[in-house]
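Down below is the structure, laid out as C-alpha cells.
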DNA sequence: ACCTGAACACCGTTCAAGT
DNA sequence: ACCTGAACACCGTTCAAGT
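Chains as they are written, first to last, in the working numbering: chain B, -15 to 222; chain S, -15 to 222.
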C-alpha cells in the first residue's frame, strides 16, 4: 500500500504541483486511468520568487488579466495569500517580476555593423513574437512605464544599439519612441481582440489563425511603411 | 436669517452640486469670501446618466483611473452606491458611457474632396487634443475594443470618410488600423507619463509644459513619417 | 421610476504570531 | 527566513424594501 503523506503543519513551504510532461493518452478507459495514477504528483518544496512569477504568468494566460490577484495566485500555489509577500513586496512588485521575465525574451542586443532599419526589425520582431506567445500577459510589458525598474535598462541597451548603427542620439530616441508606440498600440489591441472571450479557449487554432496571420501581416506592412517614412523624413534629409 | 433646508429623507434624489461658472477672485480676503457665499449651491434634483458620466470623468481626471469605483463615485455625487445602478447597468456600462462622451469630441466626419492624408491628420489631431485635455480618462477611449458599442459606429464613419477620399476599402481599413495603432500607443504612454504622480498636481504648467510640447512634436513628426511611408509603400505603388 | 441599506463574495495589505 | 490566520478598509453587485 502506497502511503502518501501530506504534511499540513506550519513552516514547511507551499505545495508545488509538479506536472507530468503531457502524458499521451491513446485509450481512455476509466479503470486504466486510475491504475496509472495520472494525478499530478505533489512535492513539497520551498517557494521562490521565480515560482511565483511563473505561476502568475500561467494564471494570466489561462484566466485573463483580471484573474491576477494575490489571493487567487496563492490558491493556485496552494499556499496562504500572505506567503506570497515573502517573495514579492506587493502586487505592483509582482507585476514588475512578470515584466522582467517577459522582457528577457526581447532581442535588443546590438548587432555588429547592422543598419538601424534591421535593428528595428529585429527588436520589433521579438516584441511581436511575445504578443503571440503570451497575449494576455503581454499587456503588462507593453504598457509598463519606460522608467519602471525592469524596462529602463533594456531601453538603454536598445538605444545604444541604434546609436551603434549610426543614428544620432536624438534621432535614436525619437525613432525608438515612434516605432515602439506603433508596435505597442497595434499589438495591445491585437492581443486583446484575440483573447476577448474572457477565458482562454482550449483550441481555436485553425479558423481564427487565418485572421491572426492577416492582422500580423498588416503589422509588418505598417512597420515597413514607418521605417521607410522615418528614413525619408527624419534620417535621409540630414 | 437664511435658512438652508437640507432634506435628508428618501426618494428625493441625490444632491447635485451646481458649481458657479469659475468665479474670478481678484482679492482673497477671507471675510469677503464668506460674505460672498462662494460656497457651491446645493440643489436637489434627480440624477441622470449624463450627471453620472460627467462626475465620473471629473473624478478620473482629479484622482486617477484607480479611483473610479462605483462607491467612490457615489460618494462624490452624495448618494448611495446603489443609486448609480438606476442610470448605469454596471461598471463596464459606466466606462462605455465615458467612452461615448469622449468619442463625441473626435473629428471623424468626412470632408468634401479632402485627400486621405489630410483626413488622417484631422482625425488624429482631434485624438491628440483629447489626450491633452483629459489625459487620464483618455486611456479608456484609447484602449476600448473596436467593437464596443460607442466605438464601432465612429470607426465606420472614419472608414467611410477615407473611402470617400479615394482609398480602396481594404486600403482604408489597413491604413486606419496602422495609424490608429501608432497614435494609441504613443498617446497612452505619453498621457500616463504626464500624470504619473498619482494625484493631479494643481499647477504643473511651465516646467513640464516644455517637455510635453516636445513629445507632442515627436508625435506629429512620427505621424508625418507614417503618412509618407504609407503613401509610398501602400498607396503609391498601386 | 428612482433611491436605499444590508448582505455576499471578492480585493490588497498590516500585524502579531507561529516554525 | 519563511509561512500563517485574523483583521482592516476597500471592491462590484444582488436583493428586498422603501417612496
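Each residue gets a CB set at the ideal place from its N, CA and C atoms; glycine is no exception.
>> If the cut-off is 7 Å on Cβ atoms, which residues from the stretch 149 to 163 of chain S count as contacting chain B, listed in chain order?
In response: Those would be 158, 161, 162, in chain order.
> According to DSSP, is residue 179/S helix, strand or coil?
Replying inline: coil
> Does the Cβ of residue 66/S have 16 or more other Cβ atoms within 10 Å, making it buried, or fewer, making it exposed?
Replying inline: Here residue 66/S is exposed, its C-beta having fewer than 16 other C-beta atoms within 10 Å.
> Are residue 89/B and residue 37/B touching if we call contact CB-CB under 7 Å?
Replying inline: Residue 89/B is not a Cβ neighbour of residue 37/B, given a cutoff of 7 Å.
>> Does residue 62/S come out as helix, strand or coil in the three-state DSSP assignment?
In response: Three-state result, residue 62/S: coil.
> Are there three or more Cβ pairs, one per stretch, closer than 8 Å when the stretch 91 to 101 of chain S is compared with the stretch 136 to 153 of chain B?
Replying inline: no
> Whose C-beta lies closer than 6 Å to the C-beta of residue 60/S among residues of the same chain, with five residues either side of it excluded?
Replying inline: 39, 43
> For residue 16/B, which residues from the same chain have a beta carbon less than 8 Å from its beta carbon, with the 5 sequence-adjacent residues on both sides left out?
Replying inline: Unreliable placement is indicated for residue 16/B, whose pLDDT of 30 sits below 50; the coordinate value is still reported in the next sentence. Its chain contains no residue whose beta carbon lies nearer than 8 Å to that of residue 16/B once the 5 sequence neighbours on both sides are disregarded.
> Helix, strand or coil: how does DSSP classify residue 149/B here?
Replying inline: coil
> Using Cβ-Cβ distances below 9 Å, what residues of the stretch 163 to 179 of chain B are close to chain S?
Replying inline: 163, 164, 165, 166, 167, 168, 169, 170, 171, 172, 173, 174, 176, 177
> According to the neighbour-count rule (16 or more other Cβ atoms, all chains shown, within 10 Å of its Cβ), is residue 168/S buried or exposed?
Replying inline: buried
>> Between which two residues does the alpha helix (DSSP H) holding residue 110/B run?
In response: 100 to 117
> DSSP state of residue 208/S, grouped into three classes?
Replying inline: helix
> What is the C-beta distance between residue 209/S and residue 218/B, in whole angstroms, given that I count them as a contact (C-beta under 8 Å)?
Replying inline: 6 Å
> When burial is assigned at 16 or more other CB atoms within 10 Å of the CB, is residue 137/S buried or exposed?
Replying inline: exposed
> Nearest-angstrom Cα distance between residue 41/S and residue 30/B?
Replying inline: 46 Å
> Would you call the stretch 105 to 125 of chain S and the stretch 67 to 78 of chain S in contact, with 3 or more CB pairs under 8 Å?
Replying inline: no
> So residue 149/B and residue 103/B are in contact, right, with Cβ under 8 Å, and what is the actual spacing, rounded?
Replying inline: 5 Å
> Who are the near neighbours of residue 175/S in its chain, counting only those whose CB is closer than 6 Å to its CB and skipping five residues on each side?
Replying inline: 115, 119, 122, listed in sequence order.
>> In whole angstroms, give me the CA-to-CA distance for residue 108/S and residue 220/B.
In response: A straight line joining the alpha-carbon of residue 108/S with that of residue 220/B spans about 25 Å.
>> As a quick exercise: from 57/B, 170/B, 161/B, 79/B, pick the residue whose alpha carbon is nearest that of residue 201/B.
In response: 170/B
> Between residue 208/S and chain B, is there a C-beta pair that is closer than 7 Å?
Replying inline: yes
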